[in-house]
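Each number in this note's numbering corresponds to the 1-based position in the sequence shown with 88 added.
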Amino acid sequence: MSAQSIRCQNDLELYKRLLEHPEVIQIKEMIARMEGKKPMGLRRRLLSSSVRLSRGMAPDIHKIADECIETLGMKIPLELYVFASPQFNAMCFKPEDGRLFVMFASSLLESFTQGELRFVMGHELGHHIYGHHNIPIGYLLGGDAKPDPRLALELFTWSRYAEISADRAGAHCSQDLDSVARSLFKLASGLTGRTISFNLNDFLNQIDDMQLVDAEPGISAPKEDWFSTHPFSPLRVKALKLFDESEHTRNDGMSKADLEIAVQGLMGLMEPSYIEGKTETAKFMRRLFYAGAIAIADASDGIGPEEVEIFEKFFGPGEFSKSLDVTRLKEDLDNRVKNACNNTSIPQRMQVLRDLCLVAQASGRITNEERDVLEHLADGLNISRGFIVRTIKLLIEPD
89 MSAQSIRCQN DLELYKRLLE HPEVIQIKEM IARMEGKKPM GLRRRLLSSS
139 VRLSRGMAPD IHKIADECIE TLGMKIPLEL YVFASPQFNA MCFKPEDGRL
189 FVMFASSLLE SFTQGELRFV MGHELGHHIY GHHNIPIGYL LGGDAKPDPR
239 LALELFTWSR YAEISADRAG AHCSQDLDSV ARSLFKLASG LTGRTISFNL
289 NDFLNQIDDM QLVDAEPGIS APKEDWFSTH PFSPLRVKAL KLFDESEHTR
339 NDGMSKADLE IAVQGLMGLM EPSYIEGKTE TAKFMRRLFY AGAIAIADAS
389 DGIGPEEVEI FEKFFGPGEF SKSLDVTRLK EDLDNRVKNA CNNTSIPQRM
439 QVLRDLCLVA QASGRITNEE RDVLEHLADG LNISRGFIVR TIKLLIEPD
């Protein structure tokens with residue numbers, strides 16, 4: 089199992105898309121010009137503001153780093169630093185002059201076990217091997233010139249998926265789900281474990297409660313979640329538990345494709361609802377879903393009570409009207425698909441297609457005619473038809 093093979097698919101797809109965005113390219117060019125003029129580099133700042141951990145000072149930490157470097161297939165000199173802080177934290181910096189730098193809070197090094205540190209080390213190194221530093225999210229979101237709202241939301245979404253990839257790198261280094269979960273619990277709670285007894289199942293129950301609150305289709309995640317760069321810690325543990333149950337780690341595990349769908353479902357708890365959203369992106373998603381739902385409902389047996397019920401769960405009671413011009417909506421479907429492709433990301437289009445699968449499944453079975461509509465939509469949205477198969481399977485056989 090290679091580090092690249094376990095990277096989260098949505099991280100990779102959004103990463104490639106963002107690298108081609110004009111604003112991202114412009115900021116990267118600006119940073120390159122600034123770095124060429126600065127007399128004081130990153131390493132100089134680290135040496136003057138923190139303590140470099142030599143092999144003589146921290147042999148155990150360096151041993152963990154060496155093991156993670158080998159596991160992840162890295163070939164770059166690494167320097168480790170520690171800074172005084174009561175808050176658990178760690179960070180990996182963009183390489184400079186052929187060196188990579190990882191810095192830890194003093195409290196983290198003193199409170200985490202070796203197994204927990206191995207996960208943290210692997211996570212930070214994961215950001216390097218996946219090239220996450222190539223997207224200067226801090227400059228883009230924190231600069232004087234703010235990005236347009238669509239780019240900002242896409243940056244936040246990408247950052248959360250990037251953390252999922254880095255978590256997988258950390259788990260790959262750790263090979264111990266319990267240590268991984270404990271480290272995320274400590275990072276989330278600030279507790280060392282001396283006074284509180286950690287329980288993995290209780291920690292994961294927070295996700296179940298979140299899902300109960302957000303169970304109704306179209307219910308939006310709290311707005312503060314949309315603008316979070318990191319997934320909620322129990323979400324990260326649940327995502328890693330799914331990773332641990334996949335074919336990445338066991339021969340009889342769930343497929344890689346099913347893993348990505350399950351993780352996307354989890355991450356949806358932190359995404360804005362396109363049904364209620366006011367952005368241009370949400371509008372294009374909503375228009376696509378509206379016409380797609382009508383086309384599916386009318387595909388075989390006409391629009392029956394089951395289809396109306398599921399439609400109104402998304403759009404609200406009484407929103408379906410018999411006076412709707414079904415023919416016109418179906419004729420406009422391809423145009424709405426084209427607009428969605430031009431104005432939304434792959435994960436967002438997958439979200440709409442997933443919801444349309446739910447509409448098709450409303451009557452308890454999906455007819456050949458309904459499947460034809462779904463496959464036509466998938467082709468137009470540049471999404472594999474296999475996504476439909478896997479999504480329907482998960483709807484029929486939920487985890």
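Every residue, glycine too, gets a C-beta built ideally from N, C-alpha and C.
Remember, it's a predicted structure, so these values are computed and weren't measured experimentally.
Here's a check: name, in chain order, each residue in its chain whose Cβ is nearer than 6 Å to the Cβ of residue i, leaving out the five neighbours to either side.
| i | result |
| --- | --- |
| residue 286 | 270 and 273 |
| residue 164 | 188 |
| residue 480 | 445 |
| residue 370 | 362 |
| residue 341 | 333, 334 and 335 |
| residue 315 | Only weak support is given to the placement of residue 315: the predicted model assigns it a pLDDT of 39, under 50, and the question is left unresolved by the model. |
| residue 396 | 408 |
| residue 356 | none |
| residue 123 | none |
Leaving out the 5 sequence neighbours to the left and right, which residues in its chain are closer than 7 Å to residue i when beta-carbon positions are compared?
| i | result |
| --- | --- |
| residue 167 | 140, 187 and 189 |
| residue 192 | 170 and 178 |
| residue 258 | 207, 208, 210, 211, 214 and 268 |
| residue 239 | 109 and 111 |
| residue 448 | 384, 454, 458 and 462 |
| residue 153 | 166, 168 and 209 |
| residue 473 | 463 and 466 |
| residue 119 | 224 and 227 |
Below 8 Å on the Cβ atoms is my guess for residue i versus residue j; work out the distance and round it to an integer in Å.
| i | j | result |
| --- | --- | --- |
| residue 111 | residue 228 | 7 Å |
| residue 214 | residue 254 | 4 Å |
| residue 495 | residue 329 | The structure shown does not extend to residue 495, since the chain spans only 89 to 487, so no value can be given for it. |
| residue 129 | residue 184 | 6 Å |
| residue 409 | residue 455 | Not confirmed; about 24 Å, so no contact. |
| residue 431 | residue 475 | Not a contact, Cβ separation roughly 20 Å. |
| residue 424 | residue 469 | With 8 Å as the limit, residue 424 and residue 469 do not qualify as a contact, their Cβ atoms being about 10 Å apart. |
| residue 225 | residue 351 | The pair is not a contact, with the Cβ atoms about 20 Å apart (cut-off 8 Å). |
| residue 91 | residue 217 | 5 Å |
| residue 382 | residue 418 | 7 Å |
Name the DSSP beta bridge partners of residue i, please?
| i | result |
| --- | --- |
| residue 379 | Residue 379 is not bridged to any residue. |
| residue 192 | 170 and 178 |
Check whether chain B comes within 8 Å of residue i, counting only Cβ atoms and requiring the distance to be less than that.
| i | result |
| --- | --- |
| residue 257 | Considering every chain present, this structure includes no chain B. It has just one protein chain. |
Keeping to the same chain, check which residues put their C-beta closer than 8 Å to that of residue i; ignore five residues upstream and five downstream.
| i | result |
| --- | --- |
| residue 117 | none |
| residue 460 | 387 |
| residue 89 | 260, 336 and 337 |
| residue 379 | 417, 418, 420, 421 and 424 |
Which full runs of the beta strand (DSSP E) of 3+ residues lie inside the stretch 128-190, going along the chain?
166-171 and 178-184
* Asked: Counting Cβ pairs closer than 8 Å, one from the stretch 441-450 and one from the stretch 404-424, do we hit at least three?
  -> no
inquiry  = Under 8 Å: do the stretch 434-441 and the stretch 95-102 share three or more Cβ pairs, one atom per stretch?
reply    = yes
**Asked** Do the stretch 343-350 and the stretch 240-248 meet, that is, are 3 or more Cβ pairs less than 8 Å apart?
**Response** no
Complete runs of the alpha helix (DSSP H) confined to the stretch 226-256 [at least 4 residues] | none
Length-filtered (4 minimum) alpha helix (DSSP H) runs lying within the stretch 322-368: 344-355
| said: List, from N- to C-terminal side, the alpha helix (DSSP H) runs of 4 residues or more that fit wholly inside the stretch 90-123. | reply: 97-107
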